[in-house]
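Q: First the structure, then my questions, so here it is.
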C-alpha cells in the first residue's frame, strides 16, 4: 500500500475512533453505525486500490448513515434526525440516478 | 437540546484532522504516467498545479504531441472525468498559445464530449489558430484576422490507484487517431504513489 492510499485510509480513522468512544459510552446505535461507516470507507479505499469497482462504496456509505439515523429516529423522534434522513436520502437518490446515467 | 462545549470542541478537532488528511492526500506528489512506446521523446515536464497535485509531461513522436497530466483524485466514472476536463483551465488553448506564440488567438471551433477513441470516451476539441495580418501595400493596406492553422486535441482519462491520467493528444488539422496510435495504451503505467 502506498503513502497516498494510506493517507486516504486514515481520513476515516478519527471518526471511527470517536464513534468507538461513543459506543463505549452507551451510545450504542450512534457508535455502531459510525464505526460501520468508518470501516466501510476504509474497506472501500483498500478494495478499490486492488481493483474493486468504486461505484458501490459511496451509495453504500449513504445507506449505512441512513440506516443509523432511521434506527435512532425510532428510539427518539427529533427534527434534527428527520432532517438528516431527508438530506442523506436525497443525496442517495441523486447519486444513484447519477451513477445510472453516467 | 443541550450543547456540550467539550463535545463540540472534540468533534471540531476531528473534522479538522480529517480535512488535514484530505489536504495531504490531494497534495501528495503523483508518480507521473509515461507512454508505453519507447519511440517518443520527452519535450517538457512540470508540476501543473499543487492542489490537487497535477504533473504534466509532454512527449512527441515527430507526428503528434502527447501531453500526459497525472492528477491526484478520488475515483469517479470515466465520463465524469471527461466532463471535468474543463477544470484544467483552458489547458489546450494555453498549450497552443505557447506553441504558436503570444500574438495568436486561439478559438475553440468544435467540441465533441463523447468521442470514441482507443477504447475510451474522450473529449475532442478542434481549435482555430488566428493571427492579425496586414494585407496590401501602404497606403492601401488593411488589417485582417486570418486563420493560419487548425489544431486537433483529444483528451481522455484513465483512473488508476486514486490518480487520474489525462491524456491530451494533439496534432495539426485534428490529428487522426492513427497519428496518435503509436502512443496508445489503454492504461498508462501508473504506480500512483
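Residue numbers (the numbering used here), protein chains in the order written: chain A, 1 to 102; chain B, 1001 to 1193.
Think of the CB as a built atom: it goes at the ideal place given N, C-alpha and C, for glycine as much as any other residue.
Just so you know, these numbers come straight off a predicted model, no measurement behind them.
Would you identify the three-state DSSP class for residue 1066 of chain B, choosing helix, strand or coil?
A: In the structure shown, residue 1066 of chain B sits in a strand (DSSP, three-state: E or B).
Q: If I measure Cβ to Cβ from residue 45 of chain A and keep anything under 6 Å in the same chain, skipping five residues before and after, which residues do I get?
A: Cβ neighbours of residue 45 of chain A beyond the five flanking positions: 8, 9.
Q: Just how far apart, CA to CA, sit residue 1074 of chain B and residue 11 of chain A?
A: Residue 1074 of chain B and residue 11 of chain A: Cα-Cα distance of roughly 13 Å.
Q: DSSP has residue 91 of chain A in a bridge; who is on the other side?
A: In the DSSP output, where bridge partners are listed per residue, residue 91 of chain A has none listed.
Q: Leaving aside the five residues before and after residue 48 of chain A along the sequence, list all residues of the same chain whose C-beta is less than 6 Å from its C-beta, in chain order.
A: If we look at residue 48 of chain A and ignore the five residues flanking it on each side, its Cβ neighbours are 54.
Q: Among residues of its own chain, excluding the 5 on either side of residue 84 of chain A, which ones have a beta-carbon nearer than 7 Å to its beta-carbon?
A: Excluding residues within five positions, the ones whose Cβ falls inside 7 Å are 69.
Q: Quick check on residue 10 of chain A - is its C-beta less than 8 Å from some C-beta in chain B?
A: Yes, its Cβ sits closer than 8 Å to a Cβ of chain B.
Q: Using DSSP with H/G/I as helix, E/B as strand and the rest coil, what is residue 80 of chain A?
A: In this structure, residue 80 of chain A counts as helix in the three-state DSSP scheme.
Q: So, under 8 Å CB-CB, residue 1051 of chain B and residue 1059 of chain B are touching, yes? Tell me the CB distance rounded to an integer number of Å.
A: About 25 Å; that fails the 8 Å criterion.
Q: Which stretch, first to last residue, makes up the beta strand (DSSP E) that contains residue 1054 of chain B?
A: Unbroken beta strand (DSSP E) run through residue 1054 of chain B: 1054-1060.
Q: Since residue 20 of chain A and residue 31 of chain A are thought to touch, with beta carbons under 8 Å apart, how far apart are those beta carbons, to the nearest angstrom?
A: With a Cβ gap of about 7 Å, residue 20 of chain A and residue 31 of chain A count as contacting.
Q: When you compare only the Cα positions, how much space is there between residue 1062 of chain B and residue 1098 of chain B?
A: Residue 1062 of chain B and residue 1098 of chain B: Cα-Cα distance of roughly 18 Å.
Q: Residue 1014 of chain B touches chain A at which residues, Cβ-Cβ below 9 Å?
A: The contacting residues are 14, 15, 17, 18.
Q: Which chain A residues are close to residue 1072 of chain B, counting only those with a beta carbon under 8 Å from its beta carbon?
A: By Cβ distance, chain A contributes 4.
Q: Is DSSP giving residue 13 of chain A helix, strand or coil here?
A: If DSSP states are grouped into helix, strand and coil, residue 13 of chain A belongs with the helices.
Q: Using a Cβ cut-off of 7 Å, pull out every chain B residue sitting near residue 7 of chain A, in sequence order please.
A: Under the 7 Å cutoff, chain B gives 1021, 1024, 1025, 1028.
Q: Does any CB atom of chain A fall closer than 8 Å to the CB of residue 1106 of chain B?
A: False, the Cβ-Cβ gap to chain A never drops below 8 Å.
Q: By Cβ distance below 8 Å, which residues in the same chain neighbour residue 62 of chain A in space, the five residues on each side in sequence not counted?
A: Contacts found: 88, 91, 92, 95.
Q: Does residue 1008 of chain B have its Cβ less than 8 Å from a Cβ in chain A?
A: False, the Cβ-Cβ gap to chain A never drops below 8 Å.
Q: Measuring only between beta-carbons, confirm whether residue 1018 of chain B sits less than 8 Å from chain A.
A: It does; some Cβ of chain A falls within 8 Å.
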